[in-house]
Every structure is written in structure tokens, then in C-alpha cells.
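Residue numbers (UniProt numbering): 1 to 330.
First up is the structure itself, then whatever we jot down about it.
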């Protein structure tokens, strides 16, 4: 049972129904884009498209739509996560500090439900074993109480919606990545298909990415950190999707910011090649990538050894150039 104090907390929540806060899945844009994505994934990709202007290619427009919808899906998952967390906090307040990922949290909440004894709940495969142990210990001492049936039903519905959005997110990523080898072969050769799709989607298209300064390409996808009033002098420079690229991850930490600036500049050039369809084979992008690797290796080489300076040839005559010597000689 839930006492009066808990009911007051439930009544004071700003939203009562998941449909009031999560509306993306019912929009025509979401439904239409997902139908196109599922159809494209089922049919595969036709590479025999020559002489087609990039902006007029339906495959290119599908990539733009996928990346734009991806941003909305990620935001929607965060909204639903807050909805689930606000309700399940009454049942298991400690869980949100133990399971941070929104999708993992939704899976765990759906599996536990209103069960107070977690020894009868199998969480294997949902989260790592270490987290399962900590969750079980916290559940044995929790101050939470079972939720009312109606609140539990809405919470489980929200979990199902979050999991459905996560499935849609994976389809959107698969569709975008599978087309990047055709849409942006040179950019994909440098940073990979996944990062290339995110950069292009965030920039607003391949042409927009090609016209963007390299320093702005570096910041695409960067999240603003909350410094809690402290100075920004000691905070790490902002890096966005570039840090997810394999070429960035394989660089030693003390050279990563330098490498990030180089990768951003070369990515902009590769996007320019892709936007005007100069090289559809990705050869230019691979050349840029090799150039980046060579420069990173060059940065790691030790400086040349300091050569010993030879001593001057000894002079038999005394070096007398002072005032007394000049006066005496005159």
C-alpha cells in the first residue's frame, strides 16, 4: 500500500500520462521516416547510381532524415527516462544512482516491477554482474514501497516505449551507416561510417559540413559540461563526435587534441570532395587518413640528439682588446 505522503508526491508530478510528454512516435514524420528506413534495410542499397546530383538523390535525403530523427529519438528517450525515474523513485529510489543508462534502467524497472524481493528476480544479461550485486544489496535495505497498480502500469508502458525507441534508433543508425560509403566515401574513410553519419546529420547535410570551418567540425556533437561555477581554465577542450573515431582513440592521450584539430580539418576537406562528387572511390579520404597517421607518428618521434659543439681553434696570440692595450699600442 502507498500512504498519504506518497500519494501527495504522485499528485504533485508535473505530468501524469506518458502520452502527455512523449509524442514523437505518433508524429507523421516519425512514422513516414521509419517506414522508409525499414523498406530501405529490407531492399538493400543500389550502388549503380551515376550522374545523379547528390542533393537530388533520394538516398541522400533519407540519410538527412535519419540523422535529424536520430537527434529527436535520443531526446525523447531522455524525456521518457525522466518520466520512469520520477515514478519508480517511490518504489526503488536507490536504483537511479546505480543504473545510469536510460535503456538499461528501463529494462531493469520492467523486470523488477513491484517485486520487493530481488532474490526471485533474474537480472542476468540486463546489466553487468557487479551492478546486479549492488542493486540486490540496495533493494534489501530500500525505503521504497510498492506502487499503485495504475502508476505501475504507466511506468511499464513508458519502459516499453523507451525500448521501442531504442530499437528504432538502431535501425536509423544501420540505415545511415550502410549508405555513407556511397554518400560520403572520403569522409567515411577518415572517421568511419558511424561518425561520418553523425557529423553530416548534425551539420545539416554534406554541403553544410563542407562549408563549415574545421574548428566548428571539431565541436559538432560536443556536450556542454556543467562546471558548477568553477573556472573553465582547467576544463578539457570541447570535442564532439570526432572523439568516437578510431583514429582519435588510437592516438596517445597527450596528442589527442592536436590530432583532433588535424582530423577535423581533413574531414572538412573530405566532405568538400564528397559534396562535389570529385572522388567516389574514397581514394582521397584514404590518402588523408594515411597522412594523418604519418603526422601522428612523426609527433611521437624523439627530438634529434644535440650534437657536441667543437672547441674553437686555439690562438697563439693573447686576446688583448682592453682599453689599456689600445692606449699602450698607440
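Idealized CB from N, CA, C, for every residue including glycine.
Considering only DSSP beta bridges, list what residue 211 is partnered with.
Taking the first residue of the chain shown as position 1, residue 211 is located at position 211. DSSP output for residue 211 lists no bridge partner at all.
The alpha helix (DSSP H) enclosing residue 29, as first and last residue numbers
Residue 29 sits at position 29 when you count from the first residue of the chain shown. Here the alpha helix (DSSP H) through residue 29 covers 28-43.
Sequence-distant residues of the same chain with beta carbon closer than 8 Å to residue 5, five excluded per side:
The residue you call residue 5 lines up with position 5 of the chain shown. In this predicted model, residue 5 has a pLDDT of only 46, less than 50, meaning its place in the structure is not dependable enough to derive any value.
What would DSSP say about residue 239, mapped onto helix, strand or coil?
As a first step, residue 239 is located in the chain shown; it is residue number 239 there, counting from the start. Here residue 239 sits in coil by DSSP.
Using a 10 Å radius around the Cβ and a threshold of 16 neighbouring Cβ atoms, would you call residue 44 buried or exposed?
Looking up residue 44 in the chain shown gives position 44. Residue 44 comes out exposed.
Starting from residue 133, trace the alpha helix (DSSP H) in both directions and tell me its first and last residue.
Residue numbering aside, residue 133 sits at position 133 when the chain shown is read from its first letter. Counting along the chain, the alpha helix (DSSP H) containing residue 133 begins and ends at 129-140.
Within this structure, are the beta carbons of residue 165 and residue 155 separated by less than 8 Å?
For the purposes of this step, residue 165 is taken as the residue at position 165 of the chain shown. For the purposes of this step, residue 155 is taken as the residue at position 155 of the chain shown. In this structure, residue 155 does not lie closer than 8 Å to residue 165 by Cβ.
Can you tell me which of the three DSSP states residue 124 falls into?
The count along the chain shown starts at 1 and reaches residue 124 at position 124. In this structure, residue 124 counts as strand in the three-state DSSP scheme.
Going by C-alpha to C-alpha distance, which of 18, 278, 24, 273 sits closest to residue 211?
Translated into the one-based positions of the chain shown, residue 211 becomes position 211. Among 18, 278, 24, 273, the Cα nearest to that of residue 211 is on 273.
For residue 206 versus residue 264, is the C-beta distance shorter than 8 Å?
Here residue 206 refers to the residue found at position 206 when the chain shown is read from its first residue. Here residue 264 refers to the residue found at position 264 when the chain shown is read from its first residue. In this structure, residue 264 does not lie closer than 8 Å to residue 206 by Cβ.
Is the distance from the Cβ of residue 157 to the Cβ of residue 278 below 8 Å?
Along the chain shown, read from residue 1 onward, the residue named residue 157 stands at position 157. Along the chain shown, read from residue 1 onward, the residue named residue 278 stands at position 278. Their beta carbons are not under 8 Å apart, which means residue 157 does not touch residue 278 by this criterion.
Rounded C-alpha distance that separates residue 221 from residue 307:
The sequence position of residue 221 within the chain shown is 221, counting from 1. The sequence position of residue 307 within the chain shown is 307, counting from 1. If you take the alpha carbons of residue 221 and residue 307, they lie about 47 Å apart.
Run through DSSP, which three-state label would residue 99 get?
Within the chain shown, the letter at position 99 stands for residue 99. In the structure shown, residue 99 sits in coil (DSSP, three-state: anything other than H, G, I, E or B).
Can you give me the C-alpha to C-alpha distance between residue 172 and residue 72, rounded to a whole angstrom?
As a working mapping, residue 172 is identified with position 172 in the chain shown. As a working mapping, residue 72 is identified with position 72 in the chain shown. Answer to the nearest angstrom: the Cα atoms are 12 Å apart.
Starting from residue 331, trace the alpha helix (DSSP H) in both directions and tell me its first and last residue.
This structure cannot speak to residue 331, because the chain is shown only from 1 to 330.
What number of angstroms, rounded off, separates the C-alpha of residue 62 from the C-alpha of residue 75?
On the chain shown, residue 62 is found 62 positions in, with the first residue counted as 1. On the chain shown, residue 75 is found 75 positions in, with the first residue counted as 1. Each residue's Cα considered, the two are about 20 Å apart.
Assuming the contact rule is C-beta atoms closer than 8 Å, residue 59 and residue 183 should be a hit. Round their C-beta distance to whole Å, please.
Walking along the chain shown from the start, residue 59 turns up at place 59. Walking along the chain shown from the start, residue 183 turns up at place 183. Rounded, the Cβ-Cβ distance is 7 Å, consistent with contact.
Alpha carbon of residue 78 to alpha carbon of residue 267, nearest angstrom:
Within the chain shown, numbered from 1, the residue matching residue 78 stands at position 78. Within the chain shown, numbered from 1, the residue matching residue 267 stands at position 267. Spanning the two alpha carbons is a distance of roughly 30 Å.
Residue 310 (DSSP reduced to helix, strand or coil)
As a first step, residue 310 is located in the chain shown; it is residue number 310 there, counting from the start. It is coil, neither helix nor strand.
Other residues of its chain near residue 102: CB distance less than 6 Å, five sequence neighbours each side excluded:
Counted from its first residue, the chain shown places residue 102 at position 102. Here the set comprises 77, 81.
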